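Protein sequences, first through last, are from chains A and B.
Just so you know, we're using the working numbering here: the first sequence kicks off at 552 and counts up by one.
Just so you know, we're using the working numbering here: the second sequence kicks off at 552 and counts up by one.
Encoded as structure tokens, the structure appears first; notes follow it.
Protein chains: 2
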Amino acid sequence: MILKSQVEWALHCCAILSGLPEGRYLSTKALAELHGLPKEYLSKALQSLSQAGLVLTTLGPSGGYRLAKTPNELTFLEIVEAVEGGGRTFVCNNIRANNPCRPKGYCESSPCAIARIMWEADEAWRAKLRSVTLADLGEILAQDIPPDIWKGTFEWVLKRAG
Amino acid sequence: MILKSQVEWALHCCAILSGLPEGRYLSTKALAELHGLPKEYLSKALQSLSQAGLVLTTLGPSGGYRLAKTPNELTFLEIVEAVEGGGRTFVCNNIRANNPCRPKGYCESSPCAIARIMWEADEAWRAKLRSVTLADLGEILAQDIPPDIWKGTFEWVLKRAG
DNA sequence: CAAATAAGGATAACATTTATCCTTAATCCG
DNA sequence: CGGATTAAGGATAAATGTTATCCTTATTTG
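Below, the structure written as structure tokens:
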């Protein structure tokens, strides 16, 4: 059970977009170059973000993407679910219903106990991702990344942002 | 990102095995019939449990599986990881290293901040699963399942247990 | 009008999951 | 001892999902 690599790509792209000045846009091409990713396929991840309403787009030269909200309003969970989908990791096929000892037409009152427990674990995962915003990430990155690399990247981005 | 259905199968099988009297074994065939599952493929899931040391096996007629520990020593996490593997759901491909603004040969000091956050969410998921034992599940099932079905299933199992 | 862009459809390569079949070695029972 | 039953595991195939590429369309900029 592994998340799509598009999740990783979307998170990194949002991290870059969160440093973009107000009203400017960054293209798929620039984001793909910056991360060494296939432009066409990265585009699908960005489209998912767009469909989820997390980013805004413009067309034409100088077009591209920018965040639809401020970084402290955008959570990891929103980004992950935009790309990966909001479904649960545990799918209950209700195999208890195949138990030959059950009376015919027997109807369960509640979801399977095993599924309920697995879903609680899913919810713990989601709760953690919901608690972290892009702004939080920005603070961590500011400490992680050497200032000169951070600055160089920022200038590289600004040069390409429409 | 969906867990293998074998995870569901393994959990249900362990739930049944946890009700088995001391020293008796239940075969793949019986477990497959009880849950309406393909015997040969279910066998792979049970082999995973065996390799992880969660169940004990015997060969020959009257052979099969029983738990290697008491139900209150066996956690959901152990069962899930035996089948699904213990890896993380988020794989970091370190795409930040592709950033053209980095000096050549630059070496990161710590894992990517995005990966660290995603891994914390994974750990929250695992922590929840680690906190629930088969004994806990048994208590919930005892309340969920009507006594006559529970009793009928138990007798069905005992009739087939070696 | 020409170039650049996002959006999205079609398709293919690749990996994983799901399943089936077969062989081997061990165990039980008559 | 011999036949039946079982777990273990290898080989293979079908089904599904992920990753990737290509192409068309509509929009925007200059």
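Note that the Cβ used here is the ideal one computed from N, Cα and C, for glycine as well.
The structure presented is a predicted model; accordingly, all values stated were derived computationally and were not measured.
For this session: Select from B/I696, B/A633, B/T608 the residue whose C-alpha is nearest the C-alpha of B/Y576.
Result: For the purposes of this step, residue 576 of chain B is taken as the residue at position 25 of the second sequence. Considering only alpha carbons, the answer is B/T608.
Problem set entry | C-beta atoms of A/L618 and A/L568 nearer than 8 Å | Numbered from 1 along the first sequence, position 67 holds the residue referred to as residue 618 of chain A. Numbered from 1 along the first sequence, position 17 holds the residue referred to as residue 568 of chain A. The answer is yes: Cβ separation under 8 Å.
Exercise. How far does the alpha helix (DSSP H) with B/P708 in it reach, from first residue to last?
Worked result: The residue you call residue 708 of chain B lines up with position 157 of the second sequence. The identity of residue 708 of chain B in the sequence shown is Val, whereas the question assumes Pro. Note, B/V708: alpha helix (DSSP H), 698 to 711.
Exercise. Checking contacts by CB at 8 Å: is B/V634 closer than that to chain A?
Worked result: Locating residue 634 of chain B in the second sequence gives position 83, where the first residue counts as 1. With 8 Å as the cut-off, B/V634 does not count as an interface residue toward chain A.
For this session: Please decide whether A/R575 counts as near chain B, where near means a Cβ-Cβ distance under 8 Å.
Result: Counting from one through the first sequence, the residue named residue 575 of chain A turns up at place 24. Chain B contact via Cβ: absent.
Exercise. What first and last residue would you give for the beta strand (DSSP E) that runs through B/G615?
Worked result: For the purposes of this step, residue 615 of chain B is identified with residue 64 of the second sequence, where counting begins at 1. Unbroken beta strand (DSSP E) run through B/G615: 615 to 618.
Exercise. Comparing the C-beta of B/P569 with each C-beta of chain A, is any distance below 8 Å?
Worked result: Taking the first residue of the second sequence as 1, we reach residue 569 of chain B at position 18. Reading off the sequence shown, one finds Ser at residue 569 of chain B, where the question assumed Pro. No, B/S569 does not count as interfacial toward chain A.
Exercise. What is the rounded straight-line gap between the Cα of B/A533 and the Cα of B/L571?
Worked result: A question about residue 533 of chain B goes unanswered here, because the residues of chain B that appear run from 552 up to 713.
Problem set entry | Cβ distance (whole Å) where B/N623 is taken to contact B/T704 below 8 Å | Working through the second sequence from its first residue, we reach residue 623 of chain B at position 72. Working through the second sequence from its first residue, we reach residue 704 of chain B at position 153. Not confirmed; about 21 Å, so no contact.
Exercise. Got a sec, what are the start and stop residues for the beta strand (DSSP E) A/T609 sits in?
Worked result: Working through the first sequence from its first residue, we reach residue 609 of chain A at position 58. Where A/T609 is concerned, the enclosing beta strand (DSSP E) stretches over 606 to 609.
Exercise. Are the stretch 592 to 601 of chain B and the stretch 633 to 646 of chain B in contact at 8 Å, needing three or more beta carbon pairs?
Worked result: yes
Exercise. Apart from the five residues just before and just after A/P682, which ones in its own chain have a Cβ nearer than 8 Å to its Cβ?
Worked result: What you label residue 682 of chain A is simply residue 131 of the first sequence in a count that begins at 1. The amino acid occupying residue 682 of chain A in the given sequence is Ser; Pro does not appear at that position. Correct list, in chain order: T626.
For this session: With a cut-off of 8 Å on the beta carbons, I'd call A/N644 and B/S556 a contact; round off their distance for me.
Result: In the first sequence, counting from the first residue as 1, residue 644 of chain A sits at position 93. In the second sequence, counting from the first residue as 1, residue 556 of chain B sits at position 5. Their Cβ separation, rounded to whole angstroms, is 6 Å, which keeps A/N644 and B/S556 in contact under 8 Å.
Exercise. If you draw a straight line from the C-alpha of A/E706 to the C-alpha of B/R647, how long is it?
Worked result: Along the first sequence, read from residue 1 onward, the residue named residue 706 of chain A stands at position 155. Along the second sequence, read from residue 1 onward, the residue named residue 647 of chain B stands at position 96. The alpha-carbon atoms of A/E706 and B/R647 are separated by roughly 16 Å.
Exercise. A/A675 to B/K679, Cα distance in whole Å?
Worked result: Here residue 675 of chain A refers to the residue found at position 124 when the first sequence is read from its first residue. Here residue 679 of chain B refers to the residue found at position 128 when the second sequence is read from its first residue. A/A675 and B/K679: Cα-Cα distance of roughly 7 Å.
Problem set entry | DSSP three-state assignment for B/L577, whether helix, strand or coil | Against the second sequence, residue 577 of chain B aligns to sequence position 26. DSSP places B/L577 in strand when its eight states are reduced to three.
For this session: Report the residue from A/I630, A/C652, A/W560 whose alpha carbon sits nearest the alpha carbon of A/P589.
Result: Within the first sequence, numbered from 1, the residue matching residue 589 of chain A stands at position 38. Taking only the C-alpha atoms, the option nearest A/P589 is A/W560.
For this session: Please list, in chain order, all residues of the same chain as A/G713 whose beta carbon is under 8 Å from its beta carbon, the five residues on each side excluded.
Result: The sequence position of residue 713 of chain A within the first sequence is 162, counting from 1. Counting only Cβ-Cβ distances below 8 Å, and skipping sequence neighbours, we find R575, Y576, L577, S578, T609, P612, S613, G614, G615.
Exercise. In chain A, which residues lie with their C-beta within 8 Å of the C-beta of B/A581?
Worked result: Numbered from its first residue, the second sequence carries residue 581 of chain B at position 30. Within 8 Å Cβ-Cβ: nothing; B/A581 doesn't reach chain A, min ~11 Å.
Exercise. Shortest alpha-carbon distance to A/I700 belongs to which of B/V558, B/P651, B/E584, B/G638?
Worked result: Along the first sequence, one-based indexing puts residue 700 of chain A at 149. A/I700 has its Cα closest to that of B/P651, out of B/V558, B/P651, B/E584, B/G638.
Exercise. Taking Cβ positions, are B/D687 and B/T640 nearer each other than 8 Å?
Worked result: For the purposes of this step, residue 687 of chain B is taken as residue 136 along the second sequence, with counting starting at 1. For the purposes of this step, residue 640 of chain B is taken as residue 89 along the second sequence, with counting starting at 1. It is not a contact, given that the beta carbons lie outside the stated cut-off.
For this session: Would you list, in chain order, the members of the stretch 584 to 596 of chain A that have their beta-carbon closer than 9 Å to a beta-carbon of chain B?
Result: E584, L585, H586, G587, L588
Exercise. Would you say A/V642 and B/I553 are within 8 Å of each other, going by their C-beta atoms?
Worked result: Along the first sequence, one-based indexing puts residue 642 of chain A at 91. Along the second sequence, one-based indexing puts residue 553 of chain B at 2. Yes, they are a contact pair.
Exercise. Among the residues of its own chain, which have a CB less than 7 Å from the CB of A/H563, if the five just before and after it don't count?
Worked result: Position 12 of the first sequence, counted from the start, is the residue given in the question as residue 563 of chain A. Same-chain partners within the cutoff: H586.
For this session: Could you tell me which chain A residues have their CB closer than 8 Å to the CB of B/S556, listed as they occur along the chain?
Result: The residue you call residue 556 of chain B lines up with position 5 of the second sequence. Simply V642, N644.
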